[in-house]
Amino acid sequence: MSNSREIDSLAQEVERLKNRLNESQQVAKIGSWEFDMATGEVWWSDETYRIFECDPKTFIPSTETIKQLYHPDDIKPIEAACARAIEEKTDYAGDLRIITKKGRIKNCHFKGSIKYNSDGDVVTIYGTIHNITERKQSEQKYQKLFESASDGIFILQNTDQGPVFTDCNVKVLEMFGCSPKDIIGKTPAAFSPEMQPDGTLSSEKIFMIAEAAMAGETQMLEWSHTRLDNTHFDVDLTINRIDIKEDIFFQAIVRDITERKRLQEIIIQTEKMMSVGGLAAGIAHEIRNPLSGIIQNIQIIRNRLFGDMQKNIEIADKCGVLLEHVREYASRREIDKIAQDIIEAGTRAIEITENVLSFSRKSEAEFSLHDLTELMDMTINLVSKEYSLKKKLNFRDISIMRNYEANMPQVECEAGKIQQVFMNILNNGAEEMHETGTSSPCFNLKIMRENGMARVEIQDNGPGMPEEVRKRVFEPFFTTKSSDTGTGLGLSVSYFIIHENHGGIMDVESAPGAGTRFIIKIPLRR
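For the sequence shown, the numbering used here assigns the number 261 to the initial residue and increments by one for each residue that follows.
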């Protein structure tokens with residue numbers, strides 16, 4: 261009777277331990293299995309049945325029935341791993357996809373061990389299978405977030421040589437213009453200029469940043485990087501330390517701030533331009549009166565020399581000279597022509613001051629209807645005279661091709677400012693073609709209607725502009741000319757006139773060797 265109670269007690273304990281094992285396996289999602297080489301029988305734990313979604317009452321596991329639950333692409337790798345383990349007398353492990361009886365695909369991780377008899381023959385193969393579907397899904401979600409992030413993300417591992425890139429997302433490849441093989445295994449110094457903008461050597465600064473990050477301090481700083489084509493760009497950089505098991509990694513989040521810095525520079529330059537504009541308006545106001553006095557006095561001199569006034573004759577008689585002789589001298593010395601040049605130059609200077617004052621008084625500007633074709637032709641005449649006076653180049657040597665739409669409607673605009681825009685573009689194009697020795701220089705002018713707007717195209721056959729210059733051509737104070745020949749204000753002012761004053765659009769198309777085309781669109785009516 262006593263032995264019976266002990267047996268019952270032991271049976272209860274075994275059942276209790278079995279239940280605990282099943283519960284533990286269910287919580288951990290790890291099943292166990294065993295294969296008897298002699299009999300070919302396969303034993304599965306309850307959790308293994310649950311992982312494969314098989315009913316232990318109806319499903320009999322065997323090497324053949326189990327294979328039917330494996331993903332077809334994973335059968336050979338598992339068999340090869342097991343055969344290699346038997347040959348080398350080692351354990352084996354790997355990842356496996358299974359297709360359950362209910363048709364679901366699960367990701368699993370298996371481990372196997374092999375038991376041998378005294379003769380070295382395989383007796384039993386046993387192991388575990390771990391349902392890692394949720395972990396794989398999380399990894400896939402992370403990978404998707406990692407790859408679709410709008411910022412560049414680097415993963416670096418700390419080594420004796422410093423941080424080394426071990427992974428990166430697609431955004432990084434776009435930023436650096438390269439493929440993964442160009443980055444993985446390299447140090448940040450390989451993608452940085454020799455020196456950072458603060459004068460520190462990039463290689464030294466990288467070690468300083470890594471040392472601080474190793475201490476657990478988040479690093480946030482600006483960094484200058486180099487693309488594969490050796491062009492530079494600036495980034496905001498955030499670096500954190502990540503510990504994975506016994507390894508130390510850094511996560512670096514990289515944001516390209518090139519455009520942001522460019523906009524900041526534009527804002528600063530715009531403020532400069534506004535200050536300079538106010539100063540120029542004040543100067544223009546102050547010099548307008550002296551200029552008017554100069555022109556008036558030159559006209560008086562001409563009248564007293566060449567005018568048929570009685571007073572001129574009387575004064576000449578008192579001085580004992582003949583007025584005809586004085587006029588002959590003045591004519592031979594071209595005094596009359598010089599006086600006319602002074603009047604024309606002074607008048608032009610007054611027009612410029614009026615434009616500056618008009619520009620500074622936007623609210624007082626007067627809009628009226630004008631023919632753009634006439635304004636263009638008038639501007640060409642003005643530019644021709646200006647270049648003839650400069651004697652650096654003759655605008656008349658440049659061919660002008662006009663393609664004006666017939667019956668082009670008038671446009672409501674400020675004539676003087678529109679001419680100023682045309683003049684800036686024509687002047688810049690003429691200078692570029694002259695300085696680069698363009699063969700058969702030519703302007704192709706088009707004026708037409710387009711969707712309720714007037715479209716003006718001014719195209720030259722000059723050297724064209726590289727993309728980095730084309731992008732910045734409307735920035736205040738940006739110029740490719742030397743400081744004594746260009747201020748970088750002409751095209752930025754022109755852009756302001758078209759965009760702000762007239763509610764229009766101004767753009768430029770250009771490429772090296774393909775000339776430059778400025779496109780201006782102005783609403784026909786305000």
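Backbone N, C-alpha and C fix where the C-beta goes; we use that ideal spot for every residue, glycine too.
Keep in mind it's a predicted model, so treat the numbers as computed, not measured.
Can you look up residue i in the DSSP assignment and give me helix, strand or coil?
i, result
"Ser-623", "At Ser-623 the pLDDT is 44, less than 50, meaning the model places this residue with poor confidence and gives no usable figure here."
"Pro-783", "strand"
"Leu-329", "coil"
"Lys-651", "Caution applies to Lys-651, whose pLDDT of 49 falls short of 50 and renders its modelled position unreliable; the value that the coordinates give is listed next. If DSSP states are grouped into helix, strand and coil, Lys-651 belongs with coil."
"Ser-752", "helix"
"Arg-501", "strand"
"Lys-803", "The question about residue 803 has no answer, for the chain in this structure spans 261 to 786."
"Gln-559", "helix"
"Asp-744", "Note that Asp-744 scores a pLDDT of 46, beneath 50, so its modelled location is shaky and nothing firm can be said."
"Leu-705", "strand"
"Asp-507", "strand"
"Asn-688", "helix"
"Phe-319", "coil"
"Leu-461", "strand"
"Glu-454", "coil"
"Met-661", "strand"
"Arg-593", "coil"
"Phe-778", "strand"
"Phe-295", "strand"
"Ser-398", "helix"
"Ile-517", "coil"
"Phe-700", "Note that residue 700 is Ser in the sequence shown, not Phe. Three-state DSSP puts Ser-700 in coil, outside helix and strand."
"Ala-771", "coil"
"Val-643", "helix"
"Ala-475", "coil"
"Ile-765", "strand"
Looking only at DSSP bridge pairs, what is residue i linked to?
i, result
"Phe-493", "His-485"
"Met-683", "None; Met-683 has no bridge partner."
"Lys-366", "Ile-358"
"Cys-673", "Ser-628"
"Asp-427", "Ile-415"
"Glu-339", "DSSP, once it has assigned bridges, lists no residue as partnering Glu-339."
"His-390", "Ile-290 and His-369"
"Arg-258", "For residue 258 there is no data in the structure shown, the boundaries of the chain being 261 and 786."
"Ala-512", "Phe-414 and Ile-499"
"Met-480", "Thr-498"
"Asp-720", "Phe-703 and Thr-776"
Run the CB neighbour count on residue i, radius 10 Å, all protein chains shown included, and call it buried at 16 or more, exposed below.
i, result
"His-492", "exposed"
"Cys-314", "buried"
"Glu-692", "buried"
"Cys-428", "buried"
"Asp-720", "buried"
"Asn-367", "buried"
"Gly-300", "exposed"
"Gln-679", "buried"
"Ser-623", "Since pLDDT at Ser-623 reaches only 44, below the 50 mark, its modelled position is unreliable, and the value read off the structure follows with that caveat. Looking at its Cβ environment, which holds fewer than 16 other Cβ atoms inside 10 Å, Ser-623 is exposed."
"Tyr-352", "buried"
"Ile-444", "exposed"
"Ile-575", "exposed"
"Glu-307", "buried"
"Val-581", "exposed"
"Met-683", "buried"
"Ser-770", "buried"
"Leu-629", "exposed"
"Gly-542", "exposed"
Anyone know if the C-beta pair for residue i and residue j falls short of 9 Å?
i, j, result
"Asp-516", "Phe-509", "no"
"Phe-295", "Thr-384", "yes"
"Leu-635", "Ala-675", "yes"
"Gly-461", "Ile-469", "The displayed chain sequence assigns Leu, not Gly, to residue 461. No, the Cβ-Cβ distance between Leu-461 and Ile-469 is not below 9 Å."
"Thr-393", "Val-424", "no"
"Cys-673", "His-762", "yes"
"Leu-642", "Ile-707", "no"
"Arg-562", "Arg-732", "no"
"Gln-417", "Asp-507", "yes"
Enumerate in chain order the residues of its own chain whose CB-to-CB distance from residue i is below 6 Å, with the five nearest sequence positions on each side excluded.
i, result
"Phe-734", "Leu-751, Ser-752 and Tyr-755"
"Lys-375", "Val-383 and Thr-384"
"Gly-412", "Lys-431, Val-432, Met-435 and Val-514"
"Ala-341", "Tyr-352 and Gly-354"
"Asn-704", "Met-661 and Gln-719"
Return the chain-ordered list of same chain residues with a C-beta closer than 7 Å to the C-beta of residue i, the five sequence neighbours on each side being excluded.
i, result
"Asn-387", "The sequence as given places Gly at residue 387; Asn does not occur at that position. Hits under 7 Å: Trp-293, Phe-370, Lys-371, Gly-372 and Ser-373."
"Leu-488", "Phe-436, Gly-437, Cys-438 and Asp-442"
"Gly-606", "Leu-551, Ile-554 and Ile-555"
"Pro-726", "Pro-772"
Are the C-beta of residue i and some C-beta of chain B separated by less than 9 Å?
i, result
"His-369", "The structure shown contains no chain B, having only a single protein chain."
Could you name the residues of the same chain whose beta carbon sits closer than 8 Å to that of residue i, not counting the 5 residues immediately before and after it, in chain order?
i, result
"Ala-472", "Gln-479"
"Ala-774", "Gly-724"
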